[in-house]
Amino acid sequence: MKNIELEIYLNKLKTFFEKTPNQLKELIGDVDPTIFYNHVRIVVEDNINTQNTLELTRSQMLEIILKINTKTSFKKIETSVNGFMSHHMGFICLN
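Note that our numbering has the sequence shown beginning at 1, numbered continuously upward.
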């Protein structure tokens, strides 16, 4: 039953982006949409197995987009970002 739900979810996603191709272009850039859909399938299958839900979270979608465009993990970037910037007068909080 979950495979059917997975296929329905992915088909709805593909249908939306086929109707609005400019939105897909803005989301993933010049990456082949097939690569994007393959990554979405992997994450959704993992969601079904671990969380018993189909929908992607915002952070999962960002992780996919980052991975297909830069080959870098979102977690790696997240840990390297510092909230302070060095300045000649001291540290500045980037709030």
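Glycine included, each C-beta is placed from N, C-alpha and C at the ideal position.
Which same chain residues end up closer than 6 angstroms to residue i when comparing Cβ atoms and leaving out the 5 residues on each side of it in sequence?
i   : result
N47 : T53
Y9  : L54
F17 : L24
Residue i to residue j, Cα distance in whole Å?
i    : j   : result
Q60  : L24 : 16 angstroms
R41  : K12 : 13 angstroms
V43  : L56 : 8 angstroms
N100 : S86 : Nothing about residue 100 can be read from this structure; the chain reaches only from 1 to 95.
K19  : T70 : 27 angstroms
Does DSSP put residue i in a helix, in a strand, or in coil?
i   : result
T57 : coil
T20 : coil
Of all Cβ atoms in chain D, is any one closer than 8 angstroms to the Cβ of residue i?
i   : result
I68 : The chain inventory of the structure shown lacks chain D, comprising one protein chain alone.
Can you list, in chain order, the residues of its chain whose CB lies under 8 angstroms from that of residue i, leaving out five sequence neighbours each side?
i   : result
H39 : I64, K67, I68
L6  : R41, V44, E45, I48, L54
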